[in-house]
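Engineer: For reference, the structure I am asking about is given below.
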Amino acid sequence: MALPLFKIIIGCTIILSDYVFSIGVLERSSNCPKPPEECPNVNITFHLYNRRIKNYNGYQLKENDTTTLQNAPFIKNKQVIVSSHGYTGHLHYAPNPELIDAYNRMPDPVNIIVINWGRLCPQPCYTQSARNVALVGNCSALFIEALLQHQTWFTLKDIHFIGFSLGAQVMSQISHKLTIGKPYWITALDPAWPLFDTMTTYAEERLDITDADFLDVYHTNAGYKGQLTSIGHVDFYANHALLQPGCGTNSSCNHVRAVYYYAESIYTKVGFYAYSCLSILTHLTGFCKPGPGDELVLLGAHVNHSTRGTYYFTTNDQYPFARGKVFDTQEEPIQAEHHMQSVEPVQPMQRPLPIDLRLSEIKASPKPSS
Ligand SMILES: *[C@@H]1O[C@H](CO)[C@@H](O)[C@H](O)[C@H]1NC(C)=O
Ligand SMILES: *[C@@H]1O[C@H](CO)[C@@H](O)[C@H](O)[C@H]1NC(C)=O
Ligand SMILES: *[C@@H]1O[C@H](CO)[C@@H](O)[C@H](O)[C@H]1NC(C)=O
Ligand SMILES: *[C@@H]1O[C@H](CO)[C@@H](O)[C@H](O)[C@H]1NC(C)=O
Ligand SMILES: *[C@@H]1O[C@H](CO)[C@@H](O)[C@H](O)[C@H]1NC(C)=O
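Residue numbers (mature numbering (1 follows the signal peptide of the UniProt record, and there is no 0)): -22 to -1, 1 to 348.
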């Protein structure tokens, strides 16, 4: 089940240096966006989505246009989520369409505010995109404080912040820049690692448990695009931590699986369950197995906020990913790669479903068990 540890360490070192080196070289020859350090910025926009809003681009909320903040078609007294994409993302990129689709399958409506900073994080500008995270955090914090002055039915502590990849680092920056308190709940979906490790540029800026009262972290490309070590109040590692079944060595596929698993956790009736283990080293060396009597915890959107520690879970190699409380041996990643060549990989929820279709599904789908 586990890959030999030395292979993983050598592999990680090679691919990480290759990744950082190649983006560094490309970036110097490109025209990367260096925005002025002031808010608002035309390239950082906020879009409200809920069941009442039929517009593909949502309802745009503008910090300097109070009418939009006052009259925004929120569904009041319902959950408010703030989400952010990462490097090379945009309004309609992971995790946004996946979260909107998944929450719309639930009986209870939610409000999702998407932070779109796509023009500040284009390929191949990873280094500059990482630098722009602080500005995005600052402008988002100022926006949230302005919004809360006009929508008084919810508070900062009611907001659930969800960030994918560099978007998870955006959530950390929002937390640093807020002057009215810190977030209660941040969910990090394979939070970005390059330049946000313990040694390089943004070590001090990295997302950690001081950023929220509850930080839950999901690792699917650990040690490459995503953080390797545990950084949250609770950390969940999927499958082989670095590699996911059905993805082979395609790091984009491994990375975005954090979003797919989380989105499915919102409505699945099967559930994703995890068992605890001392550390990632114990897991990767194959010493960590669920035993009889081990406590299994539910992960994802319905996670118990008292859960603490490091946990592991397995998934199916294609949608639906949830396996409930089953942990039998999965195929090795090398076979998974072979398998992927013969079978068209399933790409669930690439785009939000048309609203009408979503509404008919909501009526039909019963409450998920949690
Ligand atoms: C916004 O993005 C465009 C396109 O990348 C760029 O030309 C412009 O300078 C950016 N403006 C700001 C204020 O960031
Ligand atoms: C955040 O943006 C505001 C408004 O443009 C600016 O005054 C402030 O200096 C910025 N703060 C940081 C820490 O970047
Ligand atoms: C609001 O800010 C945007 C930049 O995000 C700017 O283009 C626009 O002119 C501003 N509007 C007002 C009314 O100040
Ligand atoms: C890698 O995975 C991504 C995301 O799933 C997919 O869009 C892309 O086509 C894959 N690349 C290859 C070479 O299979
Ligand atoms: C969460 O876990 C704690 C401690 O294990 C337990 O006391 C509590 O009842 C749980 N909460 C829910 C809502 O299940």
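Each residue gets a CB set at the ideal place from its N, CA and C atoms; glycine is no exception.
1) Would you say GLN205 and TRP163 are within 9 Å of each other, going by their C-beta atoms?
2) For the pair the stretch 209 to 223 and the stretch 183 to 196, tell me if three or more CB-CB distances fall below 8 Å.
3) Hey, CYS243 and THR288: beta-carbon distance below 9 Å or not?
4) Going by beta carbon distance, what residues of the same chain come within less than 6 Å of THR165, once the five residues before and after it are set aside?
5) Could you please give the first and the last residue of the uninterrupted beta strand (DSSP E) stretch that includes SER254?
6) My understanding is that LEU144 touches SER107, with C-beta atoms under 8 Å, so please give their C-beta distance in whole angstroms.
7) Within the continuous beta strand (DSSP E) that includes PHE265, where are the two ends?
8) Please return the same chain residues whose Cβ sits closer than 6 Å to the Cβ of GLY278, not counting the five positions on each side in sequence.
9) With ILE93 and PHE24 assumed to form a contact (beta carbons below 8 Å), what rounded beta-carbon distance in angstroms separates them?
10) Beta carbon of LEU39: closer than 8 Å to some heavy atom of ligand 2?
11) In angstroms, rounded to a whole number, what distance separates the CA positions of ASP272 and GLN101?
12) Beta-carbon distances below 5 Å to any heavy atom of ligand 3 define the shell here; list its residues in chain order, please.
13) Check whether the Cβ atoms of ALA216 and VAL248 sit closer than 9 Å, and answer yes or no.
14) Distance check for SER61 and THR207, CA to CA, integer angstroms please.
15) GLU123 and HIS154: beta carbons closer than 9 Å?
16) For GLN319, which of helix, strand or coil comes out of DSSP?
17) What three-state label does DSSP hand CYS129 in the structure shown?
18) Report the option in ASP136, HIS233 and ASN110 whose CA atom is closest to the CA atom of PHE142.
19) State yes or no: is the C-beta of ILE158 within less than 9 Å of the C-beta of ILE59?
20) Can LEU220 and GLY201 be called in contact, C-beta distance under 9 Å?
21) Considering only C-alpha positions, which residue in the set VAL281, TYR290 and ASN282 is nearest to residue 355?
22) If you draw a straight line from the alpha carbon of PRO13 to that of LEU98, how long is it in whole angstroms?
23) Mind checking which residues open and close the beta strand (DSSP E) that includes VAL60?
24) So VAL237 and ALA72 are in contact, right, with Cβ under 8 Å, and what is the actual spacing, rounded?
Structural biologist: In short:
1) no
2) yes
3) The question names Cys, but residue 243 in the sequence shown is Ser. For SER243 and THR288, no; Cβs fall outside 9 Å.
4) ILE140 and ASP194
5) 251 to 254
6) 6 Å
7) It is not in any beta strand (DSSP E) - PHE265 carries neither H nor E in the DSSP assignment.
8) TYR240, SER243 and PHE250
9) 6 Å
10) no
11) 44 Å
12) PRO18, VAL20 and ASN42
13) no
14) 23 Å
15) no
16) Any reading at GLN319 is ruled out, since the residue's pLDDT is 34, under 50, leaving its predicted position unreliable.
17) Rather than Cys, the amino acid found at residue 129 in this sequence is Gln. Three-state result, GLN129: coil.
18) HIS233
19) no
20) yes
21) No statement about residue 355 is possible, as the shown extent of the chain runs from -22 to 348 and does not include it.
22) 8 Å
23) 58 to 62
24) 4 Å
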